[in-house]
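Sequences listed follow chains A and B, in order. If you count by my numbering, then the first sequence holds residues 270 to 625, one letter each, in order. If you count by my numbering, then the second sequence holds residues 270 to 625, one letter each, in order. Glycine included, C-beta positions come from ideal geometry on N, C-alpha and C. Everything on this sheet refers to the single structure shown next.
2 protein chains.
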Amino acid sequence: MKHKPDPKRPKIGLREIAAEADVSVATVSRVLNGNSHVDPAIRDVVRDAAAKLNVDLSQRNKTKALAFLLSNRAMLHSFHSRILLGAEAYCAAQGWDMIFLSFHYSPNVPWKELHLPKAVQRHDVVRAVVLAGANSANLLELLDHKGIAYSVLGNNVVGGPKNLKGDVVFSDDIQGGQEMTRYLISLGHRNIWFVGNLRLPWFARHFEGYSSAMIEAGLVPRWSGLEFEDETEMGYINTKSLLAQGEACTAVLAGNDQTAHGVFKGLRDSGLKVPDDVSVAGCDDTASTWLHPGLTTTREFPEQLGQQMVKLVLNRIAQPSLAPQVVTIPTQLIKRESCSPLLASKELASVKTGVR
Amino acid sequence: MKHKPDPKRPKIGLREIAAEADVSVATVSRVLNGNSHVDPAIRDVVRDAAAKLNVDLSQRNKTKALAFLLSNRAMLHSFHSRILLGAEAYCAAQGWDMIFLSFHYSPNVPWKELHLPKAVQRHDVVRAVVLAGANSANLLELLDHKGIAYSVLGNNVVGGPKNLKGDVVFSDDIQGGQEMTRYLISLGHRNIWFVGNLRLPWFARHFEGYSSAMIEAGLVPRWSGLEFEDETEMGYINTKSLLAQGEACTAVLAGNDQTAHGVFKGLRDSGLKVPDDVSVAGCDDTASTWLHPGLTTTREFPEQLGQQMVKLVLNRIAQPSLAPQVVTIPTQLIKRESCSPLLASKELASVKTGVR
DNA sequence: ATCATTATAGGAAAATTTTCACATTACGCA
DNA sequence: TGCGTAATGTGAAAATTTTCCTATAATGAT
């Protein structure tokens, strides 16, 4: 029995594309699903043939799943879990599934030697990748070379995301650090220290904002950045070290809330009160619930970041030739009790008690 | 050209099964992938035919993905994100993928009216479900009826998981609550209050342990359980209410760490010190990093819970006829600074300052 | 350089999945 | 009750994916 003979479309299938490209149907099928073992040249021939026949290859592939790759994290802490939820919610709304993968790799291995999780390699399982956690250039290069669509959280790319073919979403923590620093200055503080490991991109960005605001006010940016695995510990040790060296310091800008928690501990251990003796500000608003006194911090919007990453990557699936997209999500200054105006008397007190 | 004619296996394919069951290959394919639209009777005929031919249908299905369903949670907090990571790690080690889904439903809707996420319904996408978050009987019944394999975190099933066909993993918080209560009693406390909303199963279980330990010591279990959405707030309000009513209280057992945090706040607000005036204990060890002083609590092992849930559900996929499996993971008492021995003088102080 | 060995690519055929059309049953509604 | 309409279920055929196998290229040893 015949099918609809030709109402409008001549019913183009793999057979027709194969004929146009002069290969077998099997090969067209392989190209469609990115099933490896296809010569790039042939792949392009097939794609051109499909284009000539006016077939949208991406529409034919029915797998509707993205991978959410949490890179190099033993813990899924609050910030990233909120990114995950934001991403999942948007995916679900668009009818896509999301495969969650935790993935560990070294930033130093050249990209050719990296070994992707198998689900990501299979174009018939996962159509694109959303990268959270801490990433580095080698993985991005690998994805570029393999032609796998992705979007990445720019803040967490070691060395910053440069020359990518993929899409990037930023949280504007440079702006956030700048705004926060201006705020501290407006409270009268002059001896403002930054605490954070500048080798980590998210600290480095925040520091950049801090730095520019300090310079703009004619002040000298200063930071303490002894490196520790645990960020709370890092905040703690750097605070103690800073106090031990007798540095003048009336305010601390911590690279994130977890670090600020360490700063709290360090100050408390040294008999200093927040904010009476030292003002403390954080960044990312993940610890606000827990800390006492309430932490003045820069709120970020992780759910939005997750949603945007998915949005961009779905765009790209629809239009693979799109130029790299970059989106920056603003941040918001949240004032709580951990920062207070610097009074002359207070500065004196601080110097007297905290510093030798 | 012929294939291997018959080295050992007569090369059984869908064609053979179809002949045996006297249906079309298409139907066998549909049964294999649970592609809905197959009459249950025919489905069973096909399965029997396959069994007769000694074919393991579950082996033929190549989709290797589980769904991780986070039920009724707006946030993915620490405890559940650790379950997720534990589950993912074990999945990955076994070569399975995990689809992350957030899902909201009412516990009151009868199961027939619940609407599952579409990925879960498609047997060709997801082979089984791991249930975290807060669940209720209706969803479990629905899965039972649909014949979808699942494992669930028993602690978080409203009303307790009863008469299930699926598998259950428990964290032994009853034991934990009991052990903790005995510890507080051993410190000399007699007026020990439980704070938690007993309608929530995880609080109820913990309370059960508390209760049995109190009774065994000849003491009266007492609790404060005003209900609030936010658990920190719940801890706070109940503490204030308890103090306002002038109850004698030298130790508080909070239903979880987040609640304990609220208790800390409530006590601090009332000018009471932990542990000098009141000892506080938590449960689940999720807030230990944040609180000051360090919270004595019951450590649970969420990564293990996640791993076990996956393990059980993979077992079941391999052997669908297995009797319901139940696993209980023990807990561990962690002593920190928030609990101290009751001294006669201290009890006096507590009564004096805290209670009108 | 020559030959063996291995890895990759791609076609043909087999296996499986999906589509399409039709049969059957369920469901309102006059 | 009977009729139209919708929903479900199925086989046959079409479409697609996968397997199996050969041809060719790449690598390495002598």
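If distances are taken between C-alpha atoms only, which option among Pro490(B), Leu412(B), Arg459(B) and Met449(B) comes closest to Leu400(B)?
Selected option, being the one with the closest Cα: Leu412(B).
Apply the 10 Å Cβ neighbour rule to Met344(B) and answer buried if 16 or more other Cβ atoms are within range, or exposed otherwise.
Looking at its Cβ environment, which holds fewer than 16 other Cβ atoms inside 10 Å, Met344(B) is exposed.
Mind checking if Ile368(B) is an interface residue toward chain A, Cβ cutoff 7 Å exclusive?
For Ile368(B), the answer is yes, since a Cβ of chain A falls inside 7 Å of its Cβ.
Which residues of the region 486-507 of chain A have a Cβ closer than 8 Å to any Cβ of chain B? Give them in chain order.
Taking 8 Å as the Cβ-Cβ cut-off, the region 486-507 of chain A approaches chain B at Thr501, given in chain order.
Hey, could you find the ends of the alpha helix (DSSP H) Arg585(A) is sitting in?
From DSSP, the alpha helix (DSSP H) with Arg585(A) extends over Pro571 to Ala587.
Taking the straight line between their C-alpha atoms, what separation do you get for Glu569(B) and Ile586(A)?
For Glu569(B) and Ile586(A), the gap between their C-alpha atoms comes out near 42 Å.
Pairing CB atoms from the region 414-432 of chain B with CB atoms from the region 489-499 of chain B, are three or more of them under 8 Å?
Because the criterion of three Cβ pairs below 8 Å is not met, the region 414-432 of chain B and the region 489-499 of chain B do not touch.
Leaving out five residues on either side along the sequence, give the residues of the same chain with a beta carbon under 7 Å from the beta carbon of His458(B).
Setting aside the 5 residues that flank it on each side, His458(B) is surrounded in the same chain by Thr519, Ala520, Ser548 and Leu611, each with a C-beta closer than 7 Å to its C-beta; the list follows chain order.
Looking at chain B, is there any beta carbon in it that lies within less than 7 Å of the beta carbon of Leu345(A)?
By this cut-off, Leu345(A) is an interface position.
Verify whether the separation of the beta carbon atoms of Leu322(B) and Ser371(B) is less than 7 Å.
Going by C-beta atoms, Leu322(B) is not nearer than 7 Å to Ser371(B).
To which residues of the same chain is Ala529(B) closer than 6 Å at the C-beta, ignoring the five residues directly before and after it?
So the list reads Ala523, Val549, Gly551 and Leu564, once near-sequence residues are dropped.
Out of curiosity, what's the CA-to-CA distance linking Thr501(B) and Arg299(A)?
Looking at the two C-alpha atoms, the distance is approximately 54 Å.
With a threshold of 16 other CB atoms inside 10 Å of the CB of Asp553(B), please say whether the residue is buried or exposed.
Answer is buried; the Cβ neighbour count reaches 16.
First through last residue of the alpha helix (DSSP H) which encompasses Ser557(A)
In the DSSP assignment, Ser557(A) falls outside any alpha helix (DSSP H) and carries neither an H nor an E.
Rounded to the nearest angstrom, what separates Thr555(A) and Asp317(B) at their Cα positions?
Going from the Cα of Thr555(A) to the Cα of Asp317(B) covers about 55 Å.
Would you say Trp365(A) faces chain B, with C-beta separation under 7 Å as the test?
Closer than 7 Å to the CB of Trp365(A) there is not a single CB belonging to chain B.
Rounded C-beta distance between Cys360(A) and Val579(A)? I'm assuming under 8 Å.
With a Cβ gap of about 5 Å, Cys360(A) and Val579(A) count as contacting.
Should Arg284(A) go down as buried or exposed, given a rule of 16 or more other Cβ atoms within 10 Å for buried?
Per the 10 Å Cβ criterion, exposed.
Would you mind telling me which residues of chain B sit closer than 8 Å to Glu357(A), beta carbon to beta carbon, in chain order?
Near Glu357(A) (Cβ distances below 8 Å), the residues of chain B are Phe369, Leu370 and Ser371.
List, from N- to C-terminal side, the beta strand (DSSP E) runs of 3 residues or more that fit wholly inside the region 487-514 of chain B.
Runs of the beta strand (DSSP E) lying entirely within the region 487-514 of chain B and spanning at least 3 residues, in chain order: 491-493.
How would you write the range of the beta strand (DSSP E) that Leu345(A) sits in, first residue to last?
Per DSSP, Leu345(A) lies in no beta strand (DSSP E) segment and is marked neither H nor E.
Chain B residues whose Cβ lies nearer than 9 Å to that of Phe337(A)
The contacting residues are Phe369.
Within chain B, the residues that His530(A) reaches when beta carbons sit closer than 9 Å
Against chain B, a Cβ distance below 9 Å from His530(A) picks out Thr558 and Trp559.
Nearest residue (CA-CA) to Trp380(A), options Lys387(A), Arg537(A), Gly364(A) and His414(A):
The option with the nearest alpha carbon to Trp380(A) is His414(A).
Which bits of chain B does Ala517(A) rub up against, with CB to CB less than 9 Å?
None at all; the shortest Cβ gap to chain B is about 27 Å.
Mind checking the region 386-418 of chain B against chain A and listing, in chain order, the residues whose C-beta falls within less than 9 Å of any C-beta there?
Within the region 386-418 of chain B, the residues whose Cβ lies closer than 9 Å to some Cβ of chain A are Pro386, Lys387, Ala388, Val394 and Val395, listed in chain order.
Within the 7 Å Cβ cut-off, does Ser298(B) reach chain A?
No, its Cβ sits nowhere closer than 7 Å to a Cβ of chain A.
Could you spell out where the alpha helix (DSSP H) holding Asp317(B) opens and where it closes?
Per DSSP, Asp317(B) belongs to the alpha helix (DSSP H) from Pro309 to Lys321.
By Cβ distance, which residues of its chain are closer than 6 Å to Glu448(A), with the 5 residues on each side in sequence left out?
Answer for Glu448(A): Leu602, listed in chain order.
Ser607(B) CB to nearest chain A CB: under 7 Å?
Judged by the 7 Å Cβ criterion, Ser607(B) is not in contact with chain A.
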